[in-house]
Amino acid sequence: MQSKRRLTIINRHYPPNLNITGENAWDLASYLINKHNIEVTVVHIDRKYEGGGTKREPVGNVYPVKTIYEGNNRILRYLSGTLDGYNLIRKAAKLNHGPLIVMTSPPLLSMWASIILGRKKMEWILWSMDLFPEGFAATNEISSSNFLYKLAYKQTYKNAPQKLIALGPQQRKVLEEKYGKKMESVLLPCGVFLEQNNSPVLPAWKKEPNKIYLGYCGNCGNPHSAEFVKEVIDAINPETQHLIIAVYGVKADQVKAHTKGKPGITLLPSVPRNELHHIDVHLVTLVNSWTHVAVPSKAVSSICSGSTILFCGNKESDNWVLLQDAGWLVEENENLRQNVRKALSSLIREDIKRKKENAHTIAARLNKLIQESYATIASWAKIY
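Using my numbering, read the sequence shown as starting at 1 and increasing by one per residue.
Right under this line is the structure:
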């Protein structure tokens, strides 16, 4: 029997659990299996997490790894997440099913890859999503001068991967500087879906289609500015605009609470992906301290649905560098309220229509980029 080429994907999340990074892992695995007949192994944590996305059945050879803790105590979650990362890398290294694609969830997964795979001299590929330990410092959970932070940072970037999958050109540049070397790499923006099945049916929540619909759909976590979303809630003009809020995450409750008694707002548990295009302008936010540490996928998925974005963040972010022709920028500074009100008051149908046309052009370009990157990743598979 002819031996197959192999690759292994390592991530905390994988279907049937709902999570955007798990969906991205599934998309890549499915492509490699169906288009290139590659034997894909997926090593993930065996538990359910809060998140959004489309429910899918797992593909590939799946190896779930048990976690030691599933509660909500923050300290225990951090400790168990650190141990989960160690166990994932150990399991994948033991299986040795081809080069290892290491994603960045749980936090410090790439640190364990650097330590364990570097010591074993095994071939690995970093697929960067959120960067850690930098993410801990970005939320002020630990100081960048702290001994433990410095130790984790040093170990994370001590042994570079052989190849890199980055979310955008800006993040790739930052990572190559951190590792101190250039690597063979591809760009794989999170949020691009090769199958985009937009529903032509007007959703029940769009009761006044003559108005401009804005929406915040998805996670509002540590990398995101709840203040920006609350300023938009306060600035909405209910005569001409309507805001959809479908939010989860650590800052979700404060966003929902801020909508009480405010006109022109609809709260929903979620918005299906095939209805995203019915929102004219999607709100996207990235706190300045998280620039390059994270690249929100909702920006990319919104553009790929054919909508536009109102982006609150740093103009050097990959979100803005890649998508600016289909959006408006609100800089996060001391004039946030004024900036938001100015942006909302300037929204007109003609500009939205033009930027939606740009969105389709960008989506086609991103779709081509994804397929080219997938083909390159397929070439990295090897017979083991």
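Ideal Cβ positions, reconstructed from N, Cα and C, are used throughout, including at glycine.
Cα-Cα separation between residue i and residue j, rounded to whole angstroms
{"i": "Thr-139", "j": "Ile-75", "result": "15 angstroms"}
{"i": "Asn-146", "j": "Ile-165", "result": "29 angstroms"}
{"i": "Arg-47", "j": "Ile-68", "result": "10 angstroms"}
{"i": "Gly-60", "j": "Leu-167", "result": "24 angstroms"}
{"i": "Ile-125", "j": "Lys-260", "result": "46 angstroms"}
{"i": "Val-40", "j": "Arg-172", "result": "25 angstroms"}
{"i": "Gly-249", "j": "Val-192", "result": "22 angstroms"}
{"i": "Asn-339", "j": "Glu-357", "result": "25 angstroms"}
{"i": "Tyr-374", "j": "Leu-188", "result": "8 angstroms"}
{"i": "Gln-196", "j": "Ala-294", "result": "24 angstroms"}
{"i": "Ser-289", "j": "Asn-237", "result": "30 angstroms"}
{"i": "Ala-359", "j": "Arg-365", "result": "10 angstroms"}
{"i": "His-97", "j": "Gly-85", "result": "18 angstroms"}
{"i": "Pro-269", "j": "Arg-341", "result": "26 angstroms"}
{"i": "Thr-376", "j": "His-44", "result": "24 angstroms"}
{"i": "Asn-210", "j": "Met-111", "result": "51 angstroms"}
{"i": "Ala-378", "j": "Lys-353", "result": "38 angstroms"}
{"i": "Ile-348", "j": "Leu-214", "result": "12 angstroms"}
{"i": "Leu-310", "j": "Leu-83", "result": "38 angstroms"}
{"i": "Lys-154", "j": "Glu-134", "result": "12 angstroms"}
Where the beta strand (DSSP E) through residue i begins and ends
{"i": "Ala-348", "result": "Per the sequence presented here, residue 348 reads as Ile, with Ala not at that position. Ile-348 -> no beta strand (DSSP E), and no H or E assigned at all."}
{"i": "Leu-286", "result": "Counting along the chain, Leu-286 falls outside any beta strand (DSSP E), and DSSP gives it neither H nor E."}
{"i": "Val-255", "result": "Looking at the DSSP string, Val-255 is not in any beta strand (DSSP E); the run it does join, the alpha helix (DSSP H), is 252-258."}
{"i": "Lys-163", "result": "163-166"}
{"i": "Asn-219", "result": "212-219"}
{"i": "Leu-131", "result": "Counting along the chain, Leu-131 falls outside any beta strand (DSSP E), and DSSP gives it neither H nor E."}
{"i": "Ile-101", "result": "100-102"}
Residue i vs residue j beta-carbon contact at 8 angstroms
{"i": "Val-65", "j": "Tyr-14", "result": "no"}
{"i": "Thr-308", "j": "Asp-280", "result": "yes"}
{"i": "Ala-113", "j": "Ile-89", "result": "yes"}
{"i": "Ile-244", "j": "Trp-205", "result": "yes"}
{"i": "Ile-303", "j": "Ala-343", "result": "no"}
{"i": "Leu-95", "j": "Thr-8", "result": "yes"}
{"i": "Ser-185", "j": "Lys-163", "result": "yes"}
{"i": "Met-103", "j": "Ala-25", "result": "yes"}
{"i": "Arg-337", "j": "Glu-177", "result": "no"}
{"i": "Gly-81", "j": "Pro-99", "result": "no"}
{"i": "Ile-370", "j": "Arg-5", "result": "no"}
{"i": "Gly-306", "j": "His-282", "result": "no"}
Helix, strand or coil at residue i according to DSSP, with G and I counted as helix
{"i": "Thr-41", "result": "strand"}
{"i": "Ile-303", "result": "helix"}
{"i": "Lys-206", "result": "coil"}
{"i": "Pro-64", "result": "strand"}
{"i": "Gln-241", "result": "strand"}
{"i": "Met-1", "result": "Any reading at Met-1 must be qualified, since the residue scores a pLDDT of 46, below 50, and its modelled position is unreliable; the value itself is stated next. It is coil, neither helix nor strand."}
{"i": "Phe-311", "result": "strand"}
{"i": "Trp-124", "result": "strand"}
{"i": "Gly-327", "result": "strand"}
{"i": "Arg-47", "result": "coil"}
{"i": "Thr-266", "result": "strand"}
{"i": "Lys-55", "result": "coil"}
{"i": "Val-388", "result": "Since the first residue of the chain shown is 1 and the last is 384, residue 388 is not available in this structure."}
{"i": "Tyr-14", "result": "coil"}
{"i": "Ser-80", "result": "helix"}
{"i": "Leu-148", "result": "helix"}
{"i": "Lys-382", "result": "strand"}
{"i": "Val-340", "result": "helix"}
{"i": "Glu-366", "result": "The question names Glu, but residue 366 is Leu in the sequence shown. Of the three classes helix, strand and coil, the one that applies to Leu-366 here is helix, per DSSP."}
{"i": "Val-428", "result": "Outside the shown range of the chain, which is 1 to 384, sits residue 428, and nothing can be said about it."}
{"i": "Leu-188", "result": "coil"}
Neighbour-count burial assignment, residue i, 16 or more Cβ in a 10 Å radius
{"i": "Asn-17", "result": "buried"}
{"i": "His-242", "result": "buried"}
{"i": "Asp-234", "result": "exposed"}
{"i": "Asn-71", "result": "Residue identity check: residue 71 is Gly in the sequence provided, not Asn. That one is exposed."}
{"i": "Met-1", "result": "Note that Met-1 scores 46 on pLDDT, short of 50, meaning its location in the model is unreliable; the coordinates nonetheless yield the value given after this. Counting Cβ neighbours within 10 Å, Met-1 comes out exposed, since fewer than 16 surround it."}
{"i": "Ala-92", "result": "buried"}
{"i": "Gly-313", "result": "buried"}
{"i": "Arg-273", "result": "buried"}
{"i": "Gly-327", "result": "buried"}
{"i": "Glu-208", "result": "exposed"}
{"i": "Arg-119", "result": "exposed"}
{"i": "Val-201", "result": "exposed"}
{"i": "Asp-318", "result": "buried"}
{"i": "Thr-291", "result": "buried"}
{"i": "Asp-27", "result": "buried"}
{"i": "Arg-23", "result": "One point to set straight first is that residue 23 is Glu, not Arg, in the sequence displayed. Glu-23 should be labelled buried."}
Near the ligand ATP: residue i beta-carbon under 7 angstroms from a heavy atom
{"i": "Leu-214", "result": "Within the structure as shown, the ligand ATP is missing, as the structure has no ligands at all."}
CB contact below 8 angstroms: residue i versus chain D
{"i": "Pro-272", "result": "The displayed structure is made up of one protein chain only, and chain D is not part of it."}
Range of the contiguous alpha helix (DSSP H) that encloses residue i
{"i": "Ser-30", "result": "20-36"}
{"i": "Glu-176", "result": "169-179"}
{"i": "Ser-110", "result": "109-112"}
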